[in-house]
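Asks: Have a look at this one.
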Amino acid sequence: MLLDCWSIPSVMVLTWIFLKTKYRFRKIVGVLVCVAGLVVVIFSDVHAGDRAGGSNPLKGDALVIAGATLYAISNVSEEFLVKNADRVELLAMLGLFGAIISAIQISILERNELKSINWSAGAALPFVGFAVAMFLFYSLVPILLKSNGSTMLNLSLLTSDMWSVLIRVFAYNEKVDWMYFVAFAAVTIGLVIYSGGEKEDQRRAIVADEDNERSKRFDEEAGSASRNQGTVDGSWKMGQSNQPGTASTSATERGDSENMGKDIQGKKS
């Protein structure tokens, strides 16, 4: 169970690298509190003696880490598509290719188990319920990914282990260690810490976008003003370059008129 939490740091690293997500100190604290709650679950299992040793624990641990990493990649990829593509198209393609891959997987890996089922209304009902649950889950996940991101999704999924404990207590009347409830409280507090201040972060993001837009608009206006000033300066220089020629022409004409006047006066005298 603890290794399954590997998806959380994997998601944080992947979103930080590829989606440029910035995590504030409060969010990191929330993640650590959630993981601490699951550590309490592990200790409660050891304390209660509920854990059973596997035949190949190293192989099992490696498979869990690999599965958690792939799940993190899937969530980050879906978050990118949700924020940059059409949501309806995403769900359609997810359902189409998910059905194809699942059919291939069942035909190869679970063919014998499928044949051994004695089909009846009671046997089919759990499959129908599971299909409806998965439909609702994958239909609502894009909304959570768009609003809160894949890290919040993985943190929320941590509570699934806690809900299973509550079902054991109230549905099957089983006794569980008291540390389970401490872990449930820790995970809940971690989620509250992580999701707290979302409106403030969104407001800051909006303000930052507005500042960037104003800065971009100011740069464009400054560039346009510079181009207009350059045009005016060029016209002024062209006019200045034409003025000396005009002045010299006028001076020459005045000189010719004066010389002509002197010649006329000389002839009269």
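Numbering follows full-length UniProt numbering, with no gaps: position 56 of the sequence shown is 56.
Beta carbons are placed, not taken as given, at the ideal position from N, Cα and C, and that holds for glycine.
Bear in mind that the values here come from a model prediction, so they are computed numbers and not experimental data.
If you drop the 5 nearest sequence neighbours on each side, which residues of the same chain put their C-beta closer than 8 Å to that of THR159?
Replies: PHE184, VAL187, THR188, LEU191
Asks: Taking its Cβ as the centre, do 16 or more other Cβ atoms sit within 10 Å of ALA72, making it buried, or is it exposed?
Replies: buried
Asks: Which of the three DSSP states is assigned to GLY149 in this structure?
Replies: coil
Asks: Just how far apart, CA to CA, sit ALA92 and MET179?
Replies: 42 Å
Asks: Would you tell me roughly how many angstroms separate the C-alpha atoms of GLY196 and TRP163, rounded to the nearest one?
Replies: 22 Å
Asks: Use the C-beta contact count for TYR194: other C-beta atoms within 10 angstroms, 16 or more gives buried, fewer gives exposed.
Replies: buried
Asks: Take ASP4 and list the residues in its own chain whose beta-carbon comes closer than 7 Å to its own, dropping the five residues that flank it on each side.
Replies: Result list for ASP4: VAL64, ALA68, in chain order.
Asks: For the stretch 167-178 against the stretch 124-136, do three or more pairs of beta-carbon atoms, one drawn from each stretch, fall closer than 8 Å, so that the two count as touching?
Replies: The answer is no - the stretch 124-136 does not touch the stretch 167-178, with fewer than three Cβ pairs under 8 Å.
Asks: Quick check: the Cα distance between GLY95 and MET152, rounded to an integer number of angstroms?
Replies: 23 Å
Asks: Find out if the Cβ-Cβ distance for the pair ILE8, ASN154 is shorter than 8 Å.
Replies: yes
Asks: Thinking C-beta only, is LEU145 closer than 8 Å to GLU78?
Replies: Cβ distance < 8 Å, so GLU78 and LEU145 count as in contact.
Asks: Between which two residues does the alpha helix (DSSP H) carrying SER120 extend?
Replies: From DSSP, SER120 is part of no alpha helix (DSSP H); its letter is neither H nor E.
Asks: Rounded to the nearest angstrom, what separates PHE127 and TRP119 at their Cα positions?
Replies: 11 Å
Asks: Can residue 270 and VAL76 be called in contact, C-beta distance under 8 Å?
Replies: Residue 270 cannot be examined here, being either before or after the span of the chain that is shown, 1 to 269.
Asks: How long is the line joining the alpha carbons of LEU14 and ALA121, rounded to whole angstroms?
Replies: 44 Å
Asks: Rounded to whole angstroms, what is the Cα-Cα separation between LYS59 and ASN148?
Replies: 34 Å
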